[in-house]
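For the sequence shown, my numbering gives the first residue as 8, with consecutive numbering after it.
Note sheet for the following structure.
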Amino acid sequence: MGFSLEFIKNPIQIGSPFPSSQSLAKLIVDSAKLQSNATIVELGPGTGSITKQILKQTSSDSLFFAIEINEMLYKKFKENFPDTIIHHGTANEIKKYLKIHDRTQVDCIISAIPWATLSIDLQQELFSEIYDVLAPGGKFITIALLIGTFFSRGKKFKQLLNSNFKLVNKTPVVWKNLPPAIAYICEK
Numbered sequence: 008m009g010f011s012l013e014f015i016k017n018p019i020q021i022g023s024p025f026p027s028s029q030s031l032a033k034l035i036v037d038s039a040k041l042q043s044n045a046t047i048v049e050l051g052p053g054t055g056s057i058t059k060q061i062l063k064q065t066s067s068d069s070l071f072f073a074i075e076i077n078e079m080l081y082k083k084f085k086e087n088f089p090d091t092i093i094h095h096g097t098a099n100e101i102k103k104y105l106k107i108h109d110r111t112q113v114d115c116i117i118s119a120i121p122w123a124t125l126s127i128d129l130q131q132e133l134f135s136e137i138y139d140v141l142a143p144g145g146k147f148i149t150i151a152l153l154i155g156t157f158f159s160r161g162k163k164f165k166q167l168l169n170s171n172f173k174l175v176n177k178t179p180v181v182w183k184n185l186p187p188a189i190a191y192i193c194e195k
C-alpha cells in the first residue's frame, strides 16, 4: 500500500500507482547484459522490484548502487535491501554519488524515472547529467509506461534518446505490468 499512497501524494514524481512487475524487471535486466567488473546505477528504484533482478545478475566485483528521490520509498528500499547501497537524492546528483565511490563513469544505468511526467527542461537537465557519466558503449535502459509514449512529453523524450544515442531499441509491450510498459534500451 505504501507505494500506491506515495503515488497519490506525488504522481509526477512516482509515475505509476504500482511497482514494476517482475516480468518487466526481468526483461529490463536481461536486456542490460550486465558484465563483470561493471558500474551499475539504478535511478528511481522505488521498493526494489527491478533491484531484485539486478542483484541476481550482478557479479561480486561490480559496483551497484541506487538513487531514490522519494523519502518513504528510500526508507522502504533500505528495509528490503539492507546490504545494498542506496542514496537519497536526485538523478542530477549522479556525479556526486559516483565520486563517493571513486568512479567517474557508469557502464549501465537502469531508470524508472517517469520521463513523460517531467517538463521538457527537466528531462533535458536530468538526461544531460546521465549521458555525461555513461561510458562509451555504456547502456541506458529506461521504463516508459505505454500510455506516456503517446503524450507530447513522452514523444519528446524519445526524440531526445534518438538524437543522442547511437542505438535505441524498444522492447515489446509488457502487458503483465500495471500499467502496461515498454523499455528503451540505448547504447552510447
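All C-beta atoms, glycine included, are put in the ideal place defined by N, C-alpha and C.
Bear in mind the structure is a predicted one, so any value in this text is a computation, not a measurement.
In terms of Cβ geometry, T91 and I120 do not form a close pair [threshold 8 Å]. Taking a contact to require three or more Cβ pairs closer than 8 Å, the stretch 174-185 and the stretch 120-139 do not qualify as touching.
When rounded, the separation of the alpha-carbon atoms in Q42 and P89 is 24 Å.
One thing to note: L70 has its Cβ within 8 Å of the Cβ of T46.
According to the DSSP assignment, D114 belongs to the beta strand (DSSP E) that extends over V113 to S118. By the criterion of at least three beta-carbon pairs nearer than 8 Å, the stretch 48-56 is in contact with the stretch 107-122. DSSP places K82 inside the alpha helix (DSSP H), whose first and last residues are E78 to N87. Taking all protein chains in view, the Cβ of N77 is crowded by 16 or more other Cβ atoms within 10 Å, so the residue is classified as buried. By a beta-carbon distance limit of 8 Å, L168 contacts Y191. Their separation comes to about 6 Å. Burial state of F172 is buried, judged by a 10 Å Cβ sphere holding 16 or more other Cβ atoms. Around the CB of E86, fewer than 16 other CB atoms lie within 10 Å, so the residue is classed as exposed.
Three or more Cβ pairs closer than 8 Å define a contact, and the stretch 27-39 falls short of that threshold against the stretch 97-107. Residue burial is scored here from C-beta neighbours: G9 has fewer than 16 other C-beta atoms within 10 angstroms and is therefore classed as exposed.
In this structure, the beta-carbon distance from W122 to A142 does not fall below 8 Å.
A straight-line Cα-Cα distance of about 31 Å links H94 and W182. The Cβ neighbour count for G53, taken over all protein chains shown within 10 Å, is at least 16; the residue is labelled buried.
In this structure, the straight-line span from the alpha carbon of L185 to that of S67 is close to 32 Å.
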